[in-house]
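Taking UniProt numbering, I'd label the letters of the sequence shown as residues 1 to 297.
For every residue, glycine included, the Cβ atom is placed at its ideal position computed from N, Cα and C.
All values reported here derive from a predicted model rather than from experimental measurement.
A quick write-up on the structure given underneath.
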Amino acid sequence: MATLHGMMAGTAAPRPVVHRTRGSGHGSIVRLMSPSDLGRYLKPFVFLDLFAGDMRQLSAAMPLHPHSGIATVTVFTEGDVTYDDPQAGTGTLAFGGVEWMRAGGGVWHGKELSAGRSALMQGFQLWIALPPELENGPVDSQYIEADHMPMAGPAYVILGRHAGAQSPVRAPDGITYLLVRLQAGESWTYAPPPGHSLAWAAVAKGGLSGSAPIAQGEMALFEPGEEAITLQAGDAGAIFVLGSARPHPHPLHLGSYSVHTTAAALAEGEGRIAEIAQRLRQEGPARTASGSVPVFR
């Protein structure tokens, strides 16, 4: 990653794309970023998956697994899924809807969403590294349907604030995350809030042009700075996510499913995960009428 660091350090051009990746993986899930690679440069954004397929198969293949120290944000770019949670009710998440889960001090999850009406679906899952005051704090889950998510022009405001629209997601300050759909040839400009020197985009469908092309399935990192970013959709239009943030001023201490700011905080989070695992073995997962397993905390 030394080459990437060198590219990101330059400031000669006005907010160019300085790195693009198609990630790794195959089949239904492509990992575009992880905490051990690009996440070190884009923290608090530390992980990004682009997933696609039949939700029935994905749900069956996804085991219950733990997290601590992070929040996960899941948005859908095609199709729909259902949620069924005793604390949140039931409903459908489609384009523009969001699942937010602040793992905090520890959760086990992975089967809280189930298939909706669509045969296939596609979406992104993003991890956010939490600040010290939240990384081992209480768990917080939200399922917000598209009708209740604010829009600013062509963008759903998933996290933070943009163009006067405020997301209802209870995310830490200093982060903006947008889901954008542009028509063929349409141009759009994003002006980051003050202090948001980190920015990136990832394309689910179609393609974009700006200082460099960003193809379907690619993630692009913009040079650090606070200049506006202008993107134009290609002939097929474009569906993409874009994130900007103030830099996370803490090192990343990594566990198998956890990200914390210190070794002591990581040990605390992993200890809590082990305690929850013991209770999960004793009690077993509680399934809803739809067959989903709510977040176990």
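Counted within 10 angstroms of its Cβ, other Cβ atoms place residue i as buried (16 or more) or exposed
| i | result |
| --- | --- |
| G97 | buried |
| A103 | buried |
| L120 | exposed |
| V292 | Position check: residue 292 holds Ser in this sequence, whereas Val was assumed. Classification for S292: buried. |
| A233 | buried |
| G160 | buried |
| G195 | exposed |
| H65 | exposed |
| M1 | Residue confidence for M1 is low, a pLDDT of 41 falling below 50, so the modelled location carries little weight; the figure read from the coordinates is stated next. Exposed: under 16 other Cβ atoms inside 10 Å. |
| R272 | buried |
| S167 | buried |
| D49 | buried |
| G25 | exposed |
| E283 | exposed |
| A286 | exposed |
| S36 | exposed |
| residue 301 | Given that the chain is displayed from residue 1 to residue 297, the structure contains no residue 301 and the question cannot be resolved. |
Bridge partners - residue i, DSSP secondary structure assignment
| i | result |
| --- | --- |
| A220 | R20, A201 |
| R161 | Q166 |
| T230 | T189 |
| residue 298 | No answer is possible for residue 298: it lies beyond the span of the chain, which begins at 1 and ends at 297. |
| T176 | S244 |
| D140 | R102 |
| R31 | S24, D49 |
DSSP-derived helix/strand/coil call for residue i
| i | result |
| --- | --- |
| D147 | helix |
| G271 | helix |
| A191 | coil |
| L134 | helix |
| Q183 | coil |
| G297 | A small correction: the amino acid at residue 297 is Arg; Gly does not occupy that position in the sequence shown. Note: R297 maps to coil in three-state DSSP. |
| R281 | helix |
Exercise for review: Run through the UniProt domain "Pirin N-terminal" (39-128) for me and flag every whole beta strand (DSSP E) of 3 or more residues, listed as ranges in chain order.
Suggested key: 45-53, 65-67, 70-78, 81-85, 89-93, 98-102, 107-109, 113-115
Review point. Would you call the segment 79-87 and the segment 267-279 in contact, with 3 or more CB pairs under 8 Å?
Key: no
Check your understanding: Taking the runs of the alpha helix (DSSP H) that are 4 residues or longer, which of them lie wholly in the segment 240-265?
Key -> none
Point to revise | the segment 128-138 / the segment 51-66 touching (three or more Cβ pairs under 8 Å) | key: no
Review point. Okay, do the segment 222-236 and the segment 171-189 touch, 3+ Cβ pairs below 8 Å being the bar?
Key: yes
Exercise for review: Assess, as a yes-or-no matter, whether the segment 174-182 is touched by the segment 236-243 under the definition of 3 or more beta carbon pairs within less than 8 Å.
Suggested key: yes
Review point. Does the segment 212-226 come close enough to the segment 151-165 to have 3 or more Cβ pairs within less than 8 Å?
Key: no
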